[in-house]
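Take a look at the structure below.
Residue numbers (my numbering): 9 to 520.
See below:
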């Protein structure tokens with residue numbers, strides 16, 4: 009039987025071949041075919057563009073804003089101790105509402121949630137560009153966060169439910185994963201252009217334009233799943249939503265706000281928010297396990313083999329990723345003296361590497377065991393911050409230190425993201441693909457939020473060692489997180505090849 013490329017046209021083998029086709033050959037064929045929901049290749053390409061742009065835009069609104077902070081602080085009279093709020097408000101809202109909005113995608117369809125999230129993002133990006141003071145900017149950034157909180161789990165739900173396990177799904181997920189470094193690079197690029205050559209407001213308006221094109225493509229090409237989802241009769245867990253959301257907000261607030269509080273961890277409101285937040289999270293465990301009729305995090309999710317250690321390892325890995333993205337930018341800007349456009353150039357290896365890994369990954373994920381790929385990625389994640397921790401202050405450090413660090417960065421995040429995403433979405437049935445997308449992105453956002461809080465504490469506690477050294481201390485923290493993730497991955501997680509196979513729903517039918 010002649011094979012096709014993962015994104016080629018559908019294979020139409022002779023009828024005689026199908027009559028004698030083995031089960032393994034049938035799964036392999038189905039894993040390469042264009043999904044039935046797409047009438048043409050053009051529709052599939054438009055769908056892929058729309059959905060993967062969700063990942064790009066979520067990173068765009070994080071990385072670019074970091075570059076804009078000095079400019080915004082000057083033009084909007086934002087004091088240094090307050091600059092973390094507009095940056096953190098976006099990520100805090102995203103991480104808090106991913107799970108409930110993922111459930112809404114499972115209830116009413118990922119298509120309307122995706123389109124609605126994009127429209128919301130466009131509106132608040134335009135408004136953010138007209139901000140005249142710190143409070144308005146903070147509010148706009150917080151409301152902006154509801155957009156990615158909706159379209160991120162929805163986009164993952166669409167990919168997970170439409171593509172069955174196999175090479176075609178591997179390639180599409182590789183492209184989706186490559187959008188993280190590309191989005192980070194795009195954010196820095198357009199923020200640098202706006203800050204240095206135009207006006208900072210254009211960063212938000214350019215983001216709105218890109219988001220609008222993505223939403224239009226999605227509106228035209230995404231197959232509607234509204235009727236299908238409503239027929240599943242999935243219910244919302246309002247009590248779980250309340251306890252989880254309040255707990256996350258308060259704990260993350262305490263972690264990120266402690267270093268800037270008057271008496272740091274001894275400050276009354278920091279202690280109060282942390283204690284109350286932990287109480288709510290403990291209460292949410294009880295609600296999800298023994299009270300909720302349809303829990304946001306169903307117990308069967310963690311009964312999947314290797315899921316518990318995988319969740320822990322991903323929290324550590326993504327937390328380290330957040331430290332690297334922020335403090336590498338800060339180090340190159342403040343210690344190496346990079347201008348906004350120099351930062352664009354220095355981050356470019358990560359963007360190019362992401363494209364290469366996306367291209368290669370789609371053709372090798374079904375050939376190599378996931379455990380081997382994860383081991384490679386985890387080692388790369390250790391090397392990346394280690395180079396920044398050891399880089400000498402002064403001199404020409406790009407080629408011997410920064411360049412290999414950027415290459416290792418994209419190897420670490422892209423491979424980890426692709427391999428684990430395919431495992432999680434393949435392990436869950438169609439009715440829980442919104443949960444899969446919400447879980448994946450919650451681990452990413454929560455890992456980053458918690459690790460950045462710890463890094464902020466580390467940096468503030470070692471400020472007397474100088475700017476360069478306090479940043480290096482943050483990189484050493486990331487080395488520790490990456491090392492711990494490697495131990496968990498190799499010791500407690502075993503992932504097979506991402507090969508063509510039955511879906512979770514098909515397996516459950518056979519087992520029953």
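All residues carry an ideal CB built from backbone N, CA and C; glycine is no exception.
Top-ranked residue by Cα proximity to residue 289, from 265, 257 and 132
Selection 265, 257 and 132 evaluated against residue 289 yields 257 as nearest (Cα-Cα).
Where do the ends of the alpha helix (DSSP H) carrying residue 204 lie?
In the DSSP assignment, residue 204 falls within the unbroken alpha helix (DSSP H) covering 175-205.
Count the other CB atoms, across all protein chains shown, that sit within 10 Å of the CB of residue 55; report buried if there are 16 or more and exposed otherwise.
Buried, because 16 or more other Cβ atoms sit within 10 Å of the Cβ of residue 55.
So residue 128 and residue 110 are in contact, right, with Cβ under 8 Å, and what is the actual spacing, rounded?
Wrong, their Cβ atoms sit about 16 Å apart, outside the cutoff.
Runs of 4 residues minimum, wholly inside the stretch 250-331: which ones carry the alpha helix (DSSP H) assignment?
List check, alpha helix (DSSP H) in window: 276-294.
So residue 511 and residue 172 are in contact, right, with Cβ under 8 Å, and what is the actual spacing, rounded?
Contact flag correct, Cβ pair sits at about 5 Å.
Report the CB separation of residue 387 from residue 494 in whole angstroms; it is logged as a contact under 8 Å.
Taking the Cβ atoms as the reference, residue 387 lies roughly 7 Å from residue 494, within the contact range of under 8 Å.
Coil, strand or helix - residue 503 by DSSP:
Three-state result, residue 503: coil.
With 16 as the cutoff for other CB atoms within 10 Å, does residue 21 come out buried or exposed?
Low local confidence applies: a pLDDT of 48 at residue 21 is under 50, so the model's placement there is unreliable, and no value is given.
In three-state DSSP terms, what is residue 213?
Looking at residue 213 - three-state DSSP - the assignment turns out to be helix.
Which first and last residues belong to the alpha helix (DSSP H) in which residue 49 is found?
Per DSSP, residue 49 belongs to the alpha helix (DSSP H) from 49-83.
If you draw a straight line from the C-alpha of residue 369 to the C-alpha of residue 252, how long is it?
Separation of residue 369 and residue 252 (C-alpha to C-alpha, rounded to the nearest whole angstrom) is 35 Å.
Closer than 6 Å by C-beta to residue 61: which residues in its own chain qualify, once you throw out the five before and the five after it? Chain order, please.
Short of 6 Å from the beta carbon of residue 61, and not among the five residues preceding or following it, lie these beta carbons of its own chain, in chain order: 222.
8 Å contact criterion, which residue 81 and residue 165 should meet: CB distance rounded
Their Cβ separation, rounded to whole angstroms, is 38 Å, which puts residue 81 and residue 165 out of contact at 8 Å.
If you follow the alpha helix (DSSP H) that residue 389 is part of, which residue opens it and which one closes it?
Counting along the chain, the alpha helix (DSSP H) containing residue 389 begins and ends at 378-398.
Is it true that the CB of residue 276 sits closer than 9 Å to the CB of residue 361?
No, these two residues do not count as a Cβ contact at 9 Å.
Taking residue 48 as the reference, give the member of 326, 231, 244 and 374 with the closest Cα.
Taking the Cα of residue 48 as reference, the smallest distance to any Cα among 326, 231, 244 and 374 is reached at 231.
Here's the rule I'm using: 16 or more other beta-carbon atoms within 10 Å means buried, otherwise exposed. How should residue 66 be labelled?
Buried, since its Cβ has 16 or more Cβ neighbours within 10 Å.
Which value, in whole angstroms, describes the spacing of the CA atoms of residue 506 and residue 177?
Residue 506 and residue 177 have their C-alpha atoms some 9 Å from each other.
Could you name the residues of the same chain whose beta carbon sits closer than 7 Å to that of residue 2, not counting the 5 residues immediately before and after it, in chain order?
Coverage of the chain is limited to positions 9 through 520, which leaves residue 2 absent and any answer about it impossible.
Out of curiosity, what's the CA-to-CA distance linking residue 367 and residue 189?
Residue 367 and residue 189 have their C-alpha atoms some 14 Å from each other.
If you count every other CB in all the chains shown that lies within 10 Å of the CB of residue 87, and 16 or more means buried, which is it?
Burial call: exposed.
Can you tell me whether residue 121 is helix, strand or coil according to DSSP?
Of the three classes helix, strand and coil, the one that applies to residue 121 here is helix, per DSSP.
Mind checking residue 380: buried by the 16 CB within 10 Å criterion, or exposed?
Burial call: exposed.
Check residue 509 in the structure and name its three-state DSSP category.
In the structure shown, residue 509 sits in coil (DSSP, three-state: anything other than H, G, I, E or B).
Touch test, the stretch 469-476 against the stretch 344-357, Cβ-Cβ under 8 Å, three pairs minimum
Contact fails: fewer than three Cβ-Cβ distances are below 8 Å.
The alpha helix (DSSP H) spanning residue 144 covers which residue range?
Element bounds for residue 144: 142-152.
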